[in-house]
Amino acid sequence: MVYTKKSPALLIIGVVMLLWGWLNASGNVDGMQQYLQKSAYSDHKQVKEKFDAALSAATDKAAAENKPAPEMKMPHSKFDSAKAFQSKMSYIFGGVAALLGLLIMVWKPKEGNLDYYISIFPGMAYMLLIAFIVRWGLDPIFANWGKAAQPTLGWNFASIFNLNYVVLGIVIGIVIVNVFKIPDWAANGVRTARFFLKTGVILLGALYSATELAQLGAISVLMIGVFVLGSIGVVLYLGRRMNTGNSMTAVLASGVGVCGVSAAVAAAPVVNAKAAEIAYTIGTILVWGVGCMFLFPTVGHLLGMGPVQFGAWAGTGILNSAQVAGAALAFDPHGIETLKVAEIFNITRVLFLPIVVLWLATWYVKHEVGAEKVDLGKVLFAKFPVFVLGFILLFLLSTLGAFTPAGHYQGKYFSSEQIKEDKLLKDKETKAIETELARLKEPAGAKALQDHFAEKAINIGQRHATPEDAYKGLADLIAAKKVTTREQEVLLKAVAKMKGFEANAKKAVEHAGKVAYHSSKTIGAFRDWLAWLFSIGLIGLGMQITMAALKQAGGTPLIIGGVVGTVKAVGSLIVVLLFIKEFV
Amino acid sequence: MSEQKFARGTSLSIFVSDRREDIGSLVFALLIAIGIVLFVGQ
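Going line by line, the protein sequences match chains A and B. So the first sequence is numbered by this note's numbering: it starts at 721 and just counts up by one. So the second sequence is numbered by this note's numbering: it starts at 42 and just counts up by one.
Rendered as structure tokens:
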């Protein structure tokens, strides 16, 4: 069988990519990019303003000294970098596609390896071109629309419905296969989708570190552990009872148990899930989450829950990160306490992903074999998805600090040593803190601080912080002009939130905390890579979801997802009401 | 897609088996990881 189809498609895709690269490099699409890259463009305007002021000052100075006007180059803004990145990607992949496209036009393929591997490129280029459109076009367009509609709707629909490249990629794939069909010349290459998805899942391991778990409160780890593993167990049980199919059940278990869409995507290749099953799981999670997002704040207010309780409940019961944040903000629009607690619970949930992936892989292999009496060890060795080991390996390396300091979460880490000289507290700021420290040591201030600690129960390490810890933390901050430990940063941030804390001192404390956190370039690169791999993989995956496949999967996943979601929400509500107030 | 007939691989993969696909993606991911560590640094 000869796979390579003589078609100008790959050449056309290459030319389109090259054209996009040139349009970006020459600035011909700047107007469009200013709309698409709104936040990067606002950074660009700031950089330009600063540069213009510096240039004007330097020119005036040179004129006053009778010297020629200085030559200055504007520094690169995020907007410039984003455009340069698009240009570079388009030139590289467009160039390769155009060359191979030309080859396909003039070459007479013969059956064999060369024909087989060359025939894969048109399909890959097709998915990549759509990925360009989704990531550089549709994703920012929906983000802009979501923000624009927020004042009217009161919530960001793009963020709540997860209308980012993950969902949009699958939807576009579904539209293509059901409306236009996959062209013959692309059919072979589209079969690489799962390979890219698996590669992305392996890289996902690098984003998390187990040491982050140590930073989180023991109660959140325990509570989330029980609910994550418990809900997975319930889905697996219900799925078997209702004959939903092993792969469908396992994907749904991961999605409902861990963190929604990304967990479903991560678990899918582990259990050989069909594309339609992933689509159903994502649909179930998103629809369920949207309902919860509106219902949770109302129930929270009716029950008179505090911010910590509500945050813990939302972080446990709601599945999607954006929806957790949406519910927390809907409950408490002006304070960030609820959001913070919800995020801590959310992060803990995500950190259970490696355990869940391993569990599901083993469960799936065991149940696929069926009722036959077999040697489980042998079956696992033969059937275990080896790429999961890659995911675990990168997770372990990330935990050991091979990529970035070990105590990071998705690349954000605390480091006092890396604070630059110009980011240290200024004299004015340390004075403001000094004055506030003196006030807090006076009887009225000390009482206010005592009350604040009694109300908030701030944890440092494994114990509650005391006012003495706050005095020491503030004194150390004044002496070092920066925070030196993560515990100190957490403590002082909480102290600065107390009522009556002087505004300038508060700003200084917050500034000191903020500059101690850094973004890892390595983890950023991992995130970029996996976003592209997921993007391509999910578009290809969407192309396997025909209407017939959706009908075949049926509505059972919706029922199981709904039942488990409700049990989890009610169960976590009871636990939160009984225990959280005292311990968190 | 599922109606497509391919002499090699399956309807969902260009690889002859899941294990081959796993190993392929493992190698590809490790190459990317090594590249990131070498060229991006910490």
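Glycine included, every Cβ here is placed at the ideal spot set by N, Cα and C.
Query - Anticipated Cβ contact below 8 Å, aspartate 912 of chain A with isoleucine 75 of chain B, distance rounded - result: What you label residue 912 of chain A is simply residue 192 of the first sequence in a count that begins at 1. What you label residue 75 of chain B is simply residue 34 of the second sequence in a count that begins at 1. A quick correction: the sequence has threonine, not aspartate, at residue 912 of chain A. A Cβ-Cβ distance of about 21 Å is found for the pair threonine 912 of chain A and isoleucine 75 of chain B, leaving them out of contact under the 8 Å criterion.
**Report entry** Sub-9 Å separation of alanine 783 of chain A and alanine 789 of chain A beta-carbons
**Finding:** The residue you call residue 783 of chain A lines up with position 63 of the first sequence. The residue you call residue 789 of chain A lines up with position 69 of the first sequence. Contact check for alanine 783 of chain A against alanine 789 of chain A passes: the beta carbons are separated by less than 9 Å.
**Report entry** Minimum C-alpha distance to glycine 1020 of chain A - residue among A:Lys725, A:Val735, A:Val1296
**Finding:** Start at 1 with the first residue of the first sequence, and residue 1020 of chain A comes out as number 300. It is A:Val1296.
Report task. Note down, in chain order, every chain B residue with its Cβ under 8 Å from the Cβ of leucine 1114 of chain A. Result -> Residue 1114 of chain A sits at position 394 when you count from the first residue of the first sequence. Those are Ala70, Ala74, listed as they occur along chain B.
**Report entry** Of the listed residues A:Glu1175, A:Leu972, A:Ala1245, A:Gly1035, nearest to tyrosine 1084 of chain A (C-alpha basis)
**Finding:** Here residue 1084 of chain A is taken as the residue at index 364 of the first sequence, counted from 1. For the residues A:Glu1175, A:Leu972, A:Ala1245, A:Gly1035, the minimum Cα distance to tyrosine 1084 of chain A belongs to A:Leu972.
Requested in this report: Compute the Euclidean distance between the alpha carbons of tryptophan 905 of chain A and aspartate 1142 of chain A, then round it to the nearest angstrom.
Outcome: The residue you call residue 905 of chain A lines up with position 185 of the first sequence. The residue you call residue 1142 of chain A lines up with position 422 of the first sequence. Each residue's Cα considered, the two are about 57 Å apart.
Report task. State buried or exposed for glutamine 766 of chain A, treating a residue as buried only when at least 16 other CB atoms are found within 10 Å of its CB. Result -> One-based indexing of the first sequence puts residue 766 of chain A at position 46. Exposed, since its Cβ has fewer than 16 Cβ neighbours within 10 Å.
Requested in this report: Report yes or no: is there a C-beta of chain B within less than 9 Å of the C-beta of methionine 721 of chain A?
Outcome: Stepping through the first sequence from its first residue, residue 721 of chain A is reached at position 1. Interface criterion met: the Cβ of methionine 721 of chain A is under 9 Å from a Cβ in chain B.
Report task. Scan the region 1240-1261 of chain A for residues whose Cβ lies nearer than 7 Å to a Cβ of chain B and list them as they occur along the chain. Result -> If the cut-off is 7 Å between Cβ atoms, the region 1240-1261 of chain A has Ser1240, Lys1241, Thr1242, Ala1245, Phe1246, Trp1249 near chain B.
Report task. Just the chain B side, please: which residues come within less than 7 Å of phenylalanine 1221 of chain A by C-beta, in chain order? Result -> The residue labelled residue 1221 of chain A in the question sits at position 501 within the first sequence. Residues of chain B whose Cβ lies closer than 7 Å to the Cβ of phenylalanine 1221 of chain A do not exist; the shortest such Cβ separation is about 36 Å.
Query - Endpoints, the beta strand (DSSP E) within which valine 758 of chain A is located - result: On the first sequence, residue 758 of chain A is found 38 positions in, with the first residue counted as 1. The question names valine, yet the displayed sequence has lysine at residue 758 of chain A. Lysine 758 of chain A -> not in any beta strand (DSSP E); alpha helix (DSSP H) instead, spanning 758-784.
Query raised in the report: Taking Cβ positions only, does valine 57 of chain B come closer than 9 Å to chain A?
Result: Within the second sequence, the letter at position 16 stands for residue 57 of chain B. Residue contact check for valine 57 of chain B against chain A: no CB pair falls below 9 Å.
**Report entry** Alpha-carbon to alpha-carbon, threonine 872 of chain A and tyrosine 885 of chain A
**Finding:** Here the question's residue 885 of chain A lines up with position 165 in the first sequence. Here the question's residue 872 of chain A lines up with position 152 in the first sequence. C-alpha separation (whole angstroms): 24 Å.
Report task. Output, in chain order, the set of chain B residues within a Cβ distance shorter than 8 Å of asparagine 908 of chain A. Result -> As a first step, residue 908 of chain A is located in the first sequence; it is residue number 188 there, counting from the start. Those are Phe47, Ile55, listed as they occur along chain B.
Requested in this report: Could you check the C-alpha separation between glutamate 1222 of chain A and glycine 1009 of chain A for me, to the nearest Å?
Outcome: As a position in the first sequence, residue 1222 of chain A is number 502, starting the count at 1. As a position in the first sequence, residue 1009 of chain A is number 289, starting the count at 1. If you take the alpha carbons of glutamate 1222 of chain A and glycine 1009 of chain A, they lie about 39 Å apart.
**Report entry** Proximity to proline 903 of chain A [Cα-Cα], best of A:Ser839, A:Phe915, A:Ala938, A:Ile944
**Finding:** The count along the first sequence starts at 1 and reaches residue 903 of chain A at position 183. Per the C-alpha coordinates, the member of A:Ser839, A:Phe915, A:Ala938, A:Ile944 positioned closest to proline 903 of chain A is A:Ser839.
Query raised in the report: How is the alpha helix (DSSP H) around tyrosine 837 of chain A delimited, first residue to last?
Result: For the purposes of this step, residue 837 of chain A is identified with residue 117 of the first sequence, where counting begins at 1. It spans 833-838 - the alpha helix (DSSP H) in which tyrosine 837 of chain A sits, taken as one unbroken run.
Requested in this report: Compare the C-beta of asparagine 992 of chain A against all C-beta atoms of chain B and say whether one is closer than 9 Å.
Outcome: Here the question's residue 992 of chain A lines up with position 272 in the first sequence. For asparagine 992 of chain A, at least one C-beta of chain B is nearer than 9 Å to its own C-beta.
**Report entry** Inter-residue Cα distance where the pair is alanine 1122 of chain A and lysine 1201 of chain A
**Finding:** The residue labelled residue 1122 of chain A in the question sits at position 402 within the first sequence. The residue labelled residue 1201 of chain A in the question sits at position 481 within the first sequence. Rounded to the nearest angstrom, the two C-alpha atoms are 30 Å apart.
Requested in this report: Rounded to whole angstroms, what's the CA-CA distance from methionine 1013 of chain A to tyrosine 836 of chain A? Just pull it up for me.
Outcome: Numbered from its first residue, the first sequence carries residue 1013 of chain A at position 293. Numbered from its first residue, the first sequence carries residue 836 of chain A at position 116. Using only the alpha carbons, I get a separation of about 49 Å.
**Report entry** Three-state secondary structure (DSSP) of lysine 1151 of chain A
**Finding:** Within the first sequence, numbered from 1, the residue matching residue 1151 of chain A stands at position 431. The answer is helix: DSSP assigns lysine 1151 of chain A an H, G or I state.
Query raised in the report: What's the call for valine 1215 of chain A, buried or exposed, on a 16-neighbour Cβ count within 10 Å?
Result: As a working note, residue 1215 of chain A is residue 495 in the first sequence. Classification for valine 1215 of chain A: buried.
Query raised in the report: Residues of chain A with CB under 9 Å from leucine 79 of chain B, in chain order?
Result: Within the second sequence, numbered from 1, the residue matching residue 79 of chain B stands at position 38. Contact of leucine 79 of chain B with chain A by beta-carbon distance below 9 Å is absent, the smallest such distance being about 10 Å.
Requested in this report: Taking lysine 867 of chain A as the reference, give the member of A:Leu883, A:Phe852, A:Ala1225 with the closest Cα.
Outcome: Mapped onto the first sequence, residue 867 of chain A falls at position 147. Out of A:Leu883, A:Phe852, A:Ala1225, A:Leu883 has the C-alpha closest to the C-alpha of lysine 867 of chain A.
Requested in this report: Consider the Cβ of threonine 912 of chain A: report whether some Cβ of chain B lies at a distance smaller than 9 Å.
Outcome: Sequence index remark: in the first sequence, residue 912 of chain A carries index 192 (1-based). Threonine 912 of chain A belongs to the set of residues whose beta carbon lies under 9 Å from a beta carbon in chain B.
Report task. Consider the Cβ of leucine 1270 of chain A: report whether some Cβ of chain B lies at a distance smaller than 9 Å. Result -> The sequence position of residue 1270 of chain A within the first sequence is 550, counting from 1. No, because no Cβ of chain B sits closer than 9 Å to the Cβ of leucine 1270 of chain A.
Report task. Would you please verify whether the beta carbon of glutamine 1130 of chain A is less than 9 Å from any beta carbon of chain B? Result -> Sequence index remark: in the first sequence, residue 1130 of chain A carries index 410 (1-based). It does not; no Cβ of chain B falls within 9 Å.
Query raised in the report: Are the beta-carbon atoms belonging to glycine 734 of chain A and phenylalanine 852 of chain A less than 9 Å from one another?
Result: As a first step, residue 734 of chain A is located in the first sequence; it is residue number 14 there, counting from the start. As a first step, residue 852 of chain A is located in the first sequence; it is residue number 132 there, counting from the start. At a Cβ-Cβ threshold of 9 Å, glycine 734 of chain A and phenylalanine 852 of chain A do not count as neighbours.
**Report entry** Proximity test, Cβ basis, 9 Å: tyrosine 836 of chain A and chain B
**Finding:** As a position in the first sequence, residue 836 of chain A is number 116, starting the count at 1. It does: the Cβ of tyrosine 836 of chain A has a partner Cβ on chain B nearer than 9 Å.
**Report entry** Coarse secondary structure for phenylalanine 813 of chain A, derived from DSSP in three states
**Finding:** As a first step, residue 813 of chain A is located in the first sequence; it is residue number 93 there, counting from the start. Shown here, phenylalanine 813 of chain A sits in a helix according to DSSP, grouped into three states.
Query raised in the report: tyrosine 723 of chain A by DSSP, collapsed to three states: which one?
Result: As a working mapping, residue 723 of chain A is identified with position 3 in the first sequence. Three-state result, tyrosine 723 of chain A: coil.
Query raised in the report: Can you tell me the Cα-Cα spacing of leucine 1039 of chain A and valine 976 of chain A, whole angstroms?
Result: Here residue 1039 of chain A refers to the residue found at position 319 when the first sequence is read from its first residue. Here residue 976 of chain A refers to the residue found at position 256 when the first sequence is read from its first residue. Rounded to whole angstroms, leucine 1039 of chain A to valine 976 of chain A spans 7 Å at the Cα level.
Query - Partner residues on chain B for isoleucine 922 of chain A, Cβ-Cβ distance less than 7 Å - result: By 1-based counting over the first sequence, the position of residue 922 of chain A is 202. Neighbours of isoleucine 922 of chain A in chain B, taken as residues whose beta carbon is under 7 Å from its own, are Ser66, Leu67, Ala70 in chain order.
Query - Proximal residues to leucine 923 of chain A (C-beta, below 6 Å), its chain only, five neighbours per side dropped - result: Along the first sequence, read from residue 1 onward, the residue named residue 923 of chain A stands at position 203. Counting only Cβ-Cβ distances below 6 Å, and skipping sequence neighbours, we find Phe1246, Trp1249, Leu1250.
Query - Contacting residues, own chain, Cβ-Cβ under 6 Å from valine 749 of chain A (five flanking each side not counted) - result: The residue given as residue 749 of chain A occupies position 29 in the first sequence. Excluding positions up to five away in sequence, the list reads Leu743.
Query raised in the report: Where does serine 982 of chain A fall in DSSP's three states?
Result: Here residue 982 of chain A corresponds to residue number 262 of the first sequence, with the count starting at 1. Serine 982 of chain A: helix per DSSP, three-state reduction.
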